[in-house]
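K.L.:
Residue numbers (the working numbering): 410 to 994. Before anything else, here's the structure in question.
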């Protein structure tokens, strides 16, 4: 009965969305916007997996059905997407996510399961079941965003056949409003977001499990101002009131003003936190430079973001330039970050991040890129005696410090050997080097990775035949050993049946080594077919074989067994587009 009710609710959301927008359209637009347009598609796919391994790497049989529908009614746009599959992680309901976001001119509405973003400190990408809208008064520069709905559904403690033990959670509801004003590349925005847990949504008391109802309100004020054509400043300040347990003792009525402002019960577990970000950008004709500062207090929290990063402070600087008619571009950035702002954590960390990028285009045939990034982190683990020992020899000990340094260098070269109306020959080389080192006292650890891939591509424009050759070399260095592999591959695709059918074939093989000894050989063959009939129908089929032969035990890979596996896949897609024009009387 519950599943039937859920199905009815899902379809009710879709039907009510259509009815709502039919009544919401402007009747005087009939016949002026191209009438009714309906487009969409249906996709079916299935795969069969067969292997001689003791444990299969995927389910033997998988299938999925997906569909999309876009209904346009005299300027209103109503997109729908639905999907169903037999994967274990599905929610148990036929349609995993159902929602629509119809648009008309400057109005966008969100109905069903949707997500919206106000700012990183208030509401950012959190899914909710409910409604929302976005509207822009373009003539006066005012924009409005509003939403309300359920962020989490109530879950009773128990056991689920798919997910196992279920931790309980309260139903969480909330809403938010964002008002912004924009004029001449300058903007100011005010945000209010509130969410709270419904304690009565659970039938039993779960306080003993450490799960308690929460309440949270966040205010945010952001500003972006273009001083002139060169200078732009921006910033945001957020203020969060968070009651970690609404069941705690309520503080006296002297806090009624704060309570009325933050819409939360002021209890012994109510705290207030701040977050700030500010920056400026300078844009000149030949280069640009910018800097920013961000500080998020420890335990800053909002119920409108899944994962909130807090207790950090960072400063960043970036610069870029384009020279020689943009054939040479240079850019770089670096940042400093620290945590443990209140000096109360068991450890503290200071980080440095830097990057540099170079792109060169001497001519239309040759392109070169270079990228470097580096990361340095120093973590100090505080001893229990830190608060009692000052200015002694113990302060000089660094055995509790942990240093981590990582760096990576990437470079690529691409060159078109020949290009004309009939053929294209091109070759490319991509190389990378990564290194990671860590140090704690007298102990040092490190590893590095070198990778290089060379590719050659041939394309015959008249016949549509493509051919590709590739070679890949990879070598990893660890503390006591090194691992490497050498692989080659060839791919080709050929059109047939008046280019309605495309046949593709790929063959790959590689040898794996550890300390110079061959440990395994890997090989694969992939054959695929894609057929298109008219403008609406397309079919696909593929078969893939992957094999692995073990020669010796390997420490740094999972290739310690022989393996043969086959994957067969079939697919079908149908797309349509209908249009009806109304006659103007």
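Backbone N, C-alpha and C fix where the C-beta goes; we use that ideal spot for every residue, glycine too.
1) Is it true that the CB of residue 750 sits closer than 8 Å to the CB of residue 722?
2) When we look at the beta-carbon of residue 528 and count the other beta-carbons within 10 Å, is it buried (16 or more) or exposed?
3) If you draw a straight line from the C-alpha of residue 623 to the C-alpha of residue 704, how long is it?
4) In terms of DSSP beta bridges, what is residue 953 paired with?
5) How do the region 721 to 741 and the region 539 to 556 stand: do at least 3 beta-carbon pairs fall below 8 Å, yes or no?
6) Can you tell me whether residue 753 is buried or exposed, with buried defined as 16 or more other CB within 10 angstroms of its CB?
7) Put residue 487 into one of helix, strand or coil per three-state DSSP.
8) In whole angstroms, what is the alpha-carbon distance linking residue 825 and residue 915?
9) Take residue 882 and list the residues in its own chain whose beta-carbon comes closer than 6 Å to its own, dropping the five residues that flank it on each side.
10) Am I right that residue 787 and residue 755 are in contact with their C-beta atoms under 8 Å? What's the rounded C-beta distance?
11) If you drop the 5 nearest sequence neighbours on each side, which residues of the same chain put their C-beta closer than 6 Å to that of residue 952?
12) Would DSSP call residue 851 helix, strand or coil?
13) Whose C-beta lies closer than 6 Å to the C-beta of residue 955 among residues of the same chain, with five residues either side of it excluded?
14) Have a look at residue 837 and residue 779 and give me their C-alpha separation to the nearest angstrom.
15) Answer yes or no: do residue 675 and residue 626 have a C-beta to C-beta separation smaller than 8 Å?
16) If you draw a straight line from the alpha carbon of residue 558 to that of residue 583, how long is it in whole angstroms?
17) Would you call the region 471 to 488 and the region 448 to 455 in contact, with 3 or more CB pairs under 8 Å?
18) Nearest to residue 653 by alpha carbon, out of 639, 520, 679?
19) Along the chain, where does the beta strand (DSSP E) that runs through residue 700 open and close?
20) Got a sec, what are the start and stop residues for the beta strand (DSSP E) residue 542 sits in?
21) As an exercise, report each continuous beta strand (DSSP E) stretch of at least 3 residues that is fully enclosed by the region 457 to 485, in chain order.
22) Less than 8 Å between the C-beta atoms of residue 869 and residue 909, yes or no?
23) With H, G and I counted as helix, E and B as strand and the rest as coil, what does DSSP make of residue 670?
24) Using the Cα positions of residue 526 and residue 851, report the straight-line distance between them to the nearest angstrom.
25) Out of 651, 650, 635, state which residue places its alpha-carbon closest to the alpha-carbon of residue 644.
26) Start and end of the beta strand (DSSP E) containing residue 765?
27) Roughly how many angstroms lie between the CA atoms of residue 467 and residue 968, to the nearest whole one?
28) Looking only at its own chain, which residues have a Cβ that is under 6 Å from the Cβ of residue 747, when we skip the five neighbours before and after it?
29) Give the secondary structure of residue 623 by DSSP, where H, G and I count as helix, E and B as strand, and everything else as coil.
30) Indicate the three-state DSSP secondary structure (helix, strand or coil) for residue 981 in the structure shown.
31) Quick check: residue 782 and residue 817, are their CB atoms within less than 8 Å of each other?
32) Which same chain residues end up closer than 6 Å to residue 917 when comparing Cβ atoms and leaving out the 5 residues on each side of it in sequence?
P.N.:
In brief:
1) yes
2) buried
3) 24 Å
4) 935, 976
5) no
6) exposed
7) strand
8) 23 Å
9) 861, 895
10) In fact, because the Cβ distance is near 15 Å, the residues do not count as touching under 8 Å.
11) 936, 977
12) coil
13) 933, 974
14) 14 Å
15) no
16) 6 Å
17) yes
18) 679
19) 696 to 705
20) 533 to 546
21) 470 to 482
22) no
23) helix
24) 48 Å
25) 635
26) 756 to 769
27) 17 Å
28) 722, 759
29) coil
30) strand
31) yes
32) 898, 933
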